[in-house]
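Residues in the sequence shown are numbered consecutively from 30, following the numbering used here. By construction, the Cβ of each residue, glycine as well, lies at the ideal position given by its N, Cα and C atoms. Notes to accompany the following structure.
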Amino acid sequence: MDYSLIEKFLSNKEKVREDRWQENKMMHERRLALEERKIANEEDKTLWEKEQKIMFCDLKKLDPSQKTYVIAMRAQIAAQKMAAFSSAFAGSSGGHEASGGGEI
Numbered sequence: 030m031d032y033s034l035i036e037k038f039l040s041n042k043e044k045v046r047e048d049r050w051q052e053n054k055m056m057h058e059r060r061l062a063l064e065e066r067k068i069a070n071e072e073d074k075t076l077w078e079k080e081q082k083i084m085f086c087d088l089k090k091l092d093p094s095q096k097t098y099v100i101a102m103r104a105q106i107a108a109q110k111m112a113a114f115s116s117a118f119a120g121s122s123g124g125h126e127a128s129g130g131g132e133i
């Protein structure tokens, strides 16, 4: 009996098994990443909807404590948006410093 042929067959079989396992693992990781992005998008959408309700609610219909809360939340939302905007453009000077910056 040719044992080298059997060993080669078993080795190839093991390699195929390993390749399938790696493929399944990669597909699973891609599925997880996609699911994480989907959840993050849903969370972003929910937050955006909540912010829209706060930013555009009619203050005339609220009692004084509710009005105070909504105004404070609007200020907080605006501050968060400004901070995010500032950090997004922190690396770019818009050419201001390159043109001499400073006062005129």
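Go through its chain and collect everything with a Cβ distance to residue i's Cβ below 8 Å, but skip five positions before and after it.
i	result
residue 118	none
residue 95	none
residue 103	83, 84
In the DSSP assignment, the alpha helix (DSSP H) including residue i goes from what residue to what residue?
i	result
residue 101	93-117
residue 39	32-84
By Cβ distance, which residues of its chain are closer than 7 Å to residue i, with the 5 residues on each side in sequence left out?
i	result
residue 106	80, 83, 84
residue 86	99
CB-CB under 6 Å to residue i, same chain, minus the five flanking residues each way: which ones, in chain order?
i	result
residue 88	96
For the stretch 71-90 against the stretch 45-60, are there 3 or more C-beta pairs whose distance is under 8 Å? no
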